[in-house]
Amino acid sequence: MRQFVRSSRFLGLAADLQGSETDRARLLVRLALAFAGAVTIGAILFAILSLIGIMPSSLVATTIPIILIVVIIAGATAMAVRMGSNELATSVFLYGTLVFVAALNYMAGGITGPAIIGYSFPIVAAGMFGRSGDVVRLFILGIIFYLIAAIGEASGLIVPLNITDGTIRLISFAIFLVASTGLIGYLALIWSSSTARFVAQREAQAEELFRTNQRLMEKNIQQVELGSDLAQSASELLSSSHEQAGGATQQASAVSEVSTTIEELGSTARQIALAAEQVAEASQRTLENLSEGQDAVDRSIQAMDRIRSRMQDVSARVLNLGERSQQIGEIIDLINDLSDETHLLALNAAIEAAGAGEHGRRFAVVAAEVKSLANRALAAAKEVKGVIAEIQKATNSAVLAAEEGGKEVERGVELAHSAGEVMNEIVMVAERTAQSGSEISLATAQQQSASEQVVETMREIADVARRTAAGARQVQDSAQRLTAIANRLHGLSATDSGQRR
Amino acid sequence: MIVLISTATRRYAIRRDDLTSMQVVATDQDLASLSTAERPAIPIDLGALLDPADRSAPGRKHGLVVPLRRRPIVFLVERVEQSIEQATIRPLPTLISGCLRDIWAIGVLDFDDQLIILLDLRAVARSSMAQRPVATR
Numbered sequence: 011m012r013q014f015v016r017s018s019r020f021l022g023l024a025a026d027l028q029g030s031e032t033d034r035a036r037l038l039v040r041l042a043l044a045f046a047g048a049v050t051i052g053a054i055l056f057a058i059l060s061l062i063g064i065m066p067s068s069l070v071a072t073t074i075p076i077i078l079i080v081v082i083i084a085g086a087t088a089m090a091v092r093m094g095s096n097e098l099a100t101s102v103f104l105y106g107t108l109v110f111v112a113a114l115n116y117m118a119g120g121i122t123g124p125a126i127i128g129y130s131f132p133i134v135a136a137g138m139f140g141r142s143g144d145v146v147r148l149f150i151l152g153i154i155f156y157l158i159a160a161i162g163e164a165s166g167l168i169v170p171l172n173i174t175d176g177t178i179r180l181i182s183f184a185i186f187l188v189a190s191t192g193l194i195g196y197l198a199l200i201w202s203s204s205t206a207r208f209v210a211q212r213e214a215q216a217e218e219l220f221r222t223n224q225r226l227m228e229k230n231i232q233q234v235e236l237g238s239d240l241a242q243s244a245s246e247l248l249s250s251s252h253e254q255a256g257g258a259t260q261q262a263s264a265v266s267e268v269s270t271t272i273e274e275l276g277s278t279a280r281q282i283a284l285a286a287e288q289v290a291e292a293s294q295r296t297l298e299n300l301s302e303g304q305d306a307v308d309r310s311i312q313a314m315d316r317i318r319s320r321m322q323d324v325s326a327r328v329l330n331l332g333e334r335s336q337q338i339g340e341i342i343d344l345i346n347d348l349s350d351e352t353h354l355l356a357l358n359a360a361i362e363a364a365g366a367g368e369h370g371r372r373f374a375v376v377a378a379e380v381k382s383l384a385n386r387a388l389a390a391a392k393e394v395k396g397v398i399a400e401i402q403k404a405t406n407s408a409v410l411a412a413e414e415g416g417k418e419v420e421r422g423v424e425l426a427h428s429a430g431e432v433m434n435e436i437v438m439v440a441e442r443t444a445q446s447g448s449e450i451s452l453a454t455a456q457q458q459s460a461s462e463q464v465v466e467t468m469r470e471i472a473d474v475a476r477r478t479a480a481g482a483r484q485v486q487d488s489a490q491r492l493t494a495i496a497n498r499l500h501g502l503s504a505t506d507s508g509q510r511r
Numbered sequence: 840m841i842v843l844i845s846t847a848t849r850r851y852a853i854r855r856d857d858l859t860s861m862q863v864v865a866t867d868q869d870l871a872s873l874s875t876a877e878r879p880a881i882p883i884d885l886g887a888l889l890d891p892a893d894r895s896a897p898g899r900k901h902g903l904v905v906p907l908r909r910r911p912i913v914f915l916v917e918r919v920e921q922s923i924e925q926a927t928i929r930p931l932p933t934l935i936s937g938c939l940r941d942i943w944a945i946g947v948l949d950f951d952d953q954l955i956i957l958l959d960l961r962a963v964a965r966s967s968m969a970q971r972p973v974a975t976r
């Protein structure tokens with residue numbers, strides 16, 4: 011559109027180029043100066059010819075008003091141009107020149123004088139500078155002036171000045187002819203140069219117009235291509251907006267699901283926080299119980315140490331008892347030997363008593379008693395020995411049991427120490443568990459808070475997704491309208507191109 | 840007079856007259872007390888002699904001293920139980936005694952409802968002395 015306006019403005023300027031007021035004013039001033047120059051030169055030439063005697067001396071006085079009139083006409087024209095009134099300047103110059111030509115004819119021999127040729131100048135100048143009616147008006151006005159002068163001269167009312175004949179007339183005619191033709195030639199020169207410049211300007215304008223038209227066509231082609239691209243882009247935009255709307259809807263649905271999941275996660279985090287608090291409390295109670303258990307283990311270790319000491323004492327005592335039993339057994343063996351020996355002695359005595367006959371009967375009775383006592387002692391010793399053997403056996407068993415008990419006590423002490431170490435480790439683990447429970451509780455509380463924030467954010471995202479979906483639908487509508495506009499533009503451009511062809 | 844003796848597992852009867860003494864033999868000194876410089880006593884485990892399975896543990900024994908002409912024999916038994924003045928001795932049947940190579944058992948004693956073999960300890964000592972190697976003798 012801007013290109014079109016620019017082209018219209020150019021066409022207007024091209025049409026008014028030769029008729030430009032500035033140009034015309036400039037040419038008018040130059041023409042007026044040329045006219046004044048030519049007339050002044052002619053007047054001076056006449057004055058010189060008069061002074062040297064070739065022309066009548068009366069012409070000298072005539073030249074002064076002629077120069078003054080010409081100067082006035084040229085000065086008024088230039089002043090009007092300077093004032094910006096070109097139309098006034100043109101009228102002053104054309105009609106002033108016509109009046110001057112009429113006056114010059116009067117002063118230069120009348121209608122049959124050499125200045126009659128001067129009427130052609132203002133008419134020709136009006137053809138170049140004047141408006142459409144100036145030529146006619148100047149022609150008619152010139153005819154009128156000529157007829158008035160002719161009638162006046164024929165009736166004797168007007169008597170022209172400086173009527174000459176012969177050589178003087180020829181010289182005068184030649185001077186006027188040269189001046190008139192020179193001015194007309196100058197005018198033609200101005201006209202031709204102006205016409206040539208005008209033609210050149212028109213050609214340049216035409217060429218510029220052609221180039222502009224060509225660029226306009228290229229722009230039009232680009233516009234058609236842009237319309238196609240626009241249609242394709244609009245189609246792609248429509249497809250993208252379709253996908254965007256679908257994606258936004260899916261995103262909103264997914265965000266809703268995620269929000270639900272996060273809410274469930276937050277609920278689970280609350281449960282975990284509650285469970286973690288319970289774990290922390292249980293760990294604290296466990297820690298307290300473990301402290302009591304540790305004290306119990308320490309006491310049991312001390313008790314086991316005491317038991318070990320007692321067991322060692324009992325073992326030593328039982329061992330001592332076994333040694334005493336051994337001593338008793340040795341004594342019993344001695345008694346046994348003595349009883350056996352007594353038994354054998356009593357038996358020998360009884361045999362000897364029996365051999366003594368009646369005299370040894372009392373001795374035999376005593377020997378029998380001794381033998382009986384020895385047997386009883388032997389039996390008692392045997393029983394005691396059995397008892398001692400049982401005692402020794404029991405003592406040995408007790409010693410073994412005491413040693414086993416001592417070993418068991420040692421193992422018990424080791425186990426108690428191990429239990430104490432395990433209790434220490436359990437205490438450490440329980441402390442760590444309590445600490446971990448507290449940390450888990452804190453972390454789950456933070457997680458719960460974060461979940462709530464995430465839920466809030468997801469709600470905002472869902473809202474944004476819904477707005478995005480709505481925006482995508484709006485974009486879809488806009489894309490459809492854009493497609494329609496592109497199609498219309500494409501059709502319009504195609505029609506315009508067809509018309510240009 | 841009959842004397843009842845007991846080995847590790849059995850019980851025998853002997854005649855008192857076959858012995859010179861009965862005494863406790865617990866140590867080597869006890870055994871040495873029964874010997875002389877020219878006639879050292881020979882200790883014999885009577886239970887093991889009569890029955891190899893009837894072997895007693897070493898330790899305190901009762902020694903039955905049988906005086907032989909060259910050396911005294913000390914039969915070691917577990918215990919000399921008692922003496923019996925009046926005892927019924929049943930002699931061995933002729934068929935059995937005729938089959939014996941050495942007549943060590945001369946009869947059977949019925950004591951406390953138990954039949955106990957009566958040994959001829961002097962014959963046992965002689966046979967043991969005769970069976971011993973010359974160097975040992």
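Just so you know, the protein sequences line up as chains P and E, in that order.
The numbering used here applies: residue 11 is where the first sequence begins, and numbers increase by one.
The numbering used here applies: residue 840 is where the second sequence begins, and numbers increase by one.
Beta carbons are placed, not taken as given, at the ideal position from N, Cα and C, and that holds for glycine.
These numbers were taken from a predicted model, which means no experiment stands behind them.
Buried versus exposed call for residue i [16 or more other C-beta atoms within 10 Å across all chains shown]
i                : result
Ser451 (chain P) : buried
His369 (chain P) : exposed
Pro897 (chain E) : exposed
Arg16 (chain P)  : Only weak support exists for where Arg16 (chain P) lies, its pLDDT of 48 falling under 50; the value from the coordinates is given anyway. By the neighbour-count rule (16 or more Cβ atoms within 10 Å), Arg16 (chain P) is not buried but exposed.
Thr859 (chain E) : exposed
Pro132 (chain P) : buried
Ser203 (chain P) : exposed
Ile881 (chain E) : buried
Val919 (chain E) : buried
Asp26 (chain P)  : Low confidence applies here, because Asp26 (chain P) scores a pLDDT of 44, under 50, leaving its location unreliable; read the following figure in that light. Asp26 (chain P) is exposed by the Cβ-count criterion.
For residue i, the three-state DSSP class (helix, strand or coil)
i                : result
Ser860 (chain E) : strand
Asp175 (chain P) : coil
Gln868 (chain E) : helix
Gln925 (chain E) : coil
Asp949 (chain E) : strand
Ile64 (chain P)  : coil
Ala496 (chain P) : helix
Glu414 (chain P) : helix
Arg469 (chain P) : helix
Ser142 (chain P) : coil
Glu920 (chain E) : strand
Beta-carbon spacing of residue i, residue j below 8 Å
i                : j                : result
Tyr851 (chain E) : Ile841 (chain E) : no
Asp305 (chain P) : Gly430 (chain P) : no
Val409 (chain P) : Leu329 (chain P) : yes
Ile853 (chain E) : Leu903 (chain E) : yes
Gly52 (chain P)  : Ile185 (chain P) : yes
Gln463 (chain P) : Ala279 (chain P) : no
Ile345 (chain P) : Ala377 (chain P) : no
Ala460 (chain P) : Ser266 (chain P) : no
Ser269 (chain P) : Arg469 (chain P) : yes
Thr933 (chain E) : Asp949 (chain E) : no
Ser922 (chain E) : Ala847 (chain E) : no
Arg965 (chain E) : Leu907 (chain E) : yes
Ala135 (chain P) : Leu197 (chain P) : yes
Interface flag, residue i vs chain E, CB-CB below 8 Å
i                : result
Ala360 (chain P) : yes
Leu425 (chain P) : no
Glu351 (chain P) : yes
Leu383 (chain P) : no
Ala364 (chain P) : yes
Leu357 (chain P) : yes
Leu354 (chain P) : yes
Asp315 (chain P) : no
Asp347 (chain P) : yes
Chain P contact for residue i (CB, 8 Å cutoff)
i                : result
Arg855 (chain E) : yes
Gln921 (chain E) : yes
Glu917 (chain E) : no
Val864 (chain E) : no
Arg961 (chain E) : no
Arg899 (chain E) : yes
Glu877 (chain E) : no
Met981 (chain E) : This structure cannot settle anything about residue 981 (chain E), because the visible part of chain E is limited to 840 through 976.
Met968 (chain E) : no
What are the start and end residues of each continuous beta strand (DSSP E) run of 3 or more residues lying completely inside the segment 289-331 of chain P, in chain order? none
Note down, one range per segment and in chain order, each alpha helix (DSSP H) of at least 4 residues found wholly within the segment 29-102 of chain P. 31-61 and 68-92
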